[in-house]
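Written below as C-alpha cells is the structure these notes are about.
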Amino acid sequence: PAGALPTRKPAGARLSTRRHMSAEQTDPVLEVERLENAIAASTEPDEQKELAEKLGMSRMSAEMSVLSANAAFYDAFQSCDVAKMKAVWSDSDDVTCVHPGHPLISGADLVLNSWRALFSSAGGMPKLEAQRQRVVLRGSAAWVTCNEAPEGEPSALEAINVFERRDGRWYMVHHQAGPVFVQQPPQ
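Everything in the sequence shown is counted per my numbering, starting at 1048 for the first residue and increasing by one.
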C-alpha cells in the first residue's frame, strides 16, 4: 500500500553503519580497547596516526562517562538520597566501602545501610564536592581519585571511587575516603 514502511530492506541495499551499530560497537569503553588493539596490530604509520586520533576521542568519551557516574555518586551523597545512592552502586555481594574512620563494609545491602545510617545522622552530611578528579580506565573497570572538600575550602578528604562497567553502564564497586593531614600544593 502507498505510504507503508518497508518491512525488509531491498536486495543489495546497505544500512548506514553509523545509525545501525549495536550498543557494543558504539560503547566508548569498548571502542578504546578495539582501537588500542588496532594500533598494536597496524604496521602503517599513517593508519596508526589516524587510529591514535580516534583513540584519543574515544578515551575522552569513556572518561567522561566515568566522571558522570562519579558525579551521580556525589549528587546522591549531597542530597542524602538513598534511592539515588542505590542506583549508583552495584548490587553484588563483593562491593566494599570504607567511610573515614570506619572499618571495611562488604556487600551491597550493608554498604547501602551504611549510607542510610549516615544520611539519617543528627548533623546531616557535609556538602562535599569532588575536586582534582583523575580517571584511570582498565577495560570494564575504572577508578577516580579525587579530593573531597567543602565547597570553596581546602581538601578535607582523599577518595578513591572504583567502578565496574556492566550492560553499558558504570556501577560503583568500592568507595574509600580518608582525612588529609598533610596539605599538598595544587598540581
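Where a beta carbon is used, it is the ideal one built from N, C-alpha and C, also for glycine.
Using the three-state DSSP reduction, which class does residue i fall into: helix, strand or coil?
i, result
"Glu-1100", "helix"
"Pro-1197", "strand"
"Val-1158", "helix"
"Ser-1105", "helix"
"Glu-1094", "helix"
"Ala-1203", "coil"
Residue i: which of the options sits nearest, CA to CA?
i, options, result
"Asn-1194", "Arg-1185, Ala-1206, Leu-1184", "Ala-1206"
"Arg-1212", "Val-1113, Asp-1156, Glu-1198", "Val-1113"
"Asp-1138", "Gln-1125, Ser-1153, Ser-1126", "Ser-1153"
"Asn-1084", "Ala-1164, Ser-1108, Leu-1098, Phe-1210", "Leu-1098"
"Phe-1210", "Ala-1118, Trp-1162, Asp-1156, Ala-1203", "Ala-1118"
"Asn-1160", "Val-1191, Leu-1175, Ala-1177, Ala-1130", "Ala-1130"
"Pro-1226", "Leu-1204, Val-1145, Leu-1175", "Leu-1204"
"Gly-1103", "Trp-1136, Leu-1175, Lys-1174, Arg-1081", "Arg-1081"
"Ala-1155", "Thr-1143, Gly-1148, Ser-1108", "Thr-1143"
Could you give the residue range of the beta strand (DSSP E) that holds residue i?
i, result
"Glu-1078", "Segment 1075 to 1088 is the alpha helix (DSSP H) holding Glu-1078; no beta strand (DSSP E) there."
"Ala-1177", "1175 to 1185"
Just the Cα atoms here: how many angstroms apart are residue i and residue j?
i, j, result
"Val-1229", "Ala-1134", "34 Å"
"Ser-1115", "Asp-1093", "33 Å"
"Phe-1120", "Leu-1184", "18 Å"
"Ala-1164", "Arg-1216", "27 Å"
"Asn-1208", "Gln-1095", "33 Å"
"Met-1111", "Arg-1181", "11 Å"
Looking at the secondary structure, which residues open and close the alpha helix (DSSP H) in which residue i lies?
i, result
"Val-1220", "Where Val-1220 is concerned, there is no enclosing alpha helix (DSSP H), although the beta strand (DSSP E) it sits in stretches over 1216 to 1226."
Would you say residue i reaches chain C, if we count a Cβ-Cβ gap shorter than 7 Å as a contact?
i, result
"Ser-1112", "Absence of chain C from the displayed structure is noted, only one protein chain being present."
Contiguous beta strand (DSSP E) assignments of at least 3 residues, all confined to the stretch 1107 to 1151: 1143 to 1145
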